[in-house]
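Okay, so here's the structure we're looking at.
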Amino acid sequence: MNEAESSPRIGQVVRVLQGREVEQYMIIIGVVDNRFVLLADGEKRKYDRPKKKNVHHIKLMDYISPEVQNSLLETGRVTNGKLRFALSKFVNEAVTDLKEDQLDGERRCN
C-alpha cells in the first residue's frame, strides 16, 4: 500500500473495524493528526459531535465523496443530510457491487 492510499483524506468513506460502531460506514470529516480522524455519519454521529477514531481501527475505502469534500473545503461545514446522502450513495453503488462479485462463484440451486 503506497502513501496516498494509506493516508486518510477528508470526505473519504471508511468502515469501522473496532468499537461500538463496528461494521458501519462513516465519513472522515476531519484529520486530527497522523493517528486520529474525526468520523460522522449524519445519523447517529452528527457533524456537531463526531467520533474521534484511531486510524488502525478503520478501513479506508476507495471512495471519496465529492459533495462532502467540496462542502468541507469551501465552508468548513457539511450538513448531516449531505453525509447521509453520500453514505447511502456509496452503499447502494459500491457495496452491492462487492456482494455481487463475492456471490458469483457461490450460487447454487437446491
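When we follow full-length UniProt numbering, the leftmost residue of the sequence shown carries the number 1, and every step to the right adds one. The C-beta atom is built at its ideal place from N, Cα and C for all residues, glycine as well. Quantities reported herein were computed from a predicted structural model and do not represent experimental measurements.
Nonlocal neighbours in the same chain, by C-beta distance under 8 Å from residue i, ignoring five residues either side
i          : result
residue 54 : 35, 36
residue 46 : 40, 80
residue 90 : 13, 25, 61, 63, 65
residue 73 : 10
residue 50 : 29, 30, 38, 39, 40
Residue i classed as buried or exposed, judged by whether at least 16 other C-beta atoms fall within 10 angstroms
i          : result
residue 18 : exposed
residue 68 : buried
residue 52 : exposed
residue 71 : buried
Where residue i falls: helix, strand or coil (DSSP)
i          : result
residue 17 : coil
residue 37 : strand
residue 30 : strand
residue 82 : helix
residue 12 : strand
residue 46 : coil
Member of the options whose CA lies at the smallest distance from the CA of residue i
i          : options        : result
residue 43 : 91, 84, 92, 89 : 84
residue 22 : 33, 56, 78, 89 : 56
residue 6  : 29, 88, 15, 59 : 59
residue 48 : 15, 78, 70     : 78
residue 27 : 20, 15, 33     : 15
Close-in-space but distant-in-sequence residues of the same chain around residue i (CB under 7 Å, 5 per side omitted)
i          : result
residue 31 : 8, 10, 37
Own chain, CB closer than 6 Å to residue i, minus 5 neighbours either side, in chain order
i          : result
residue 65 : 11, 86
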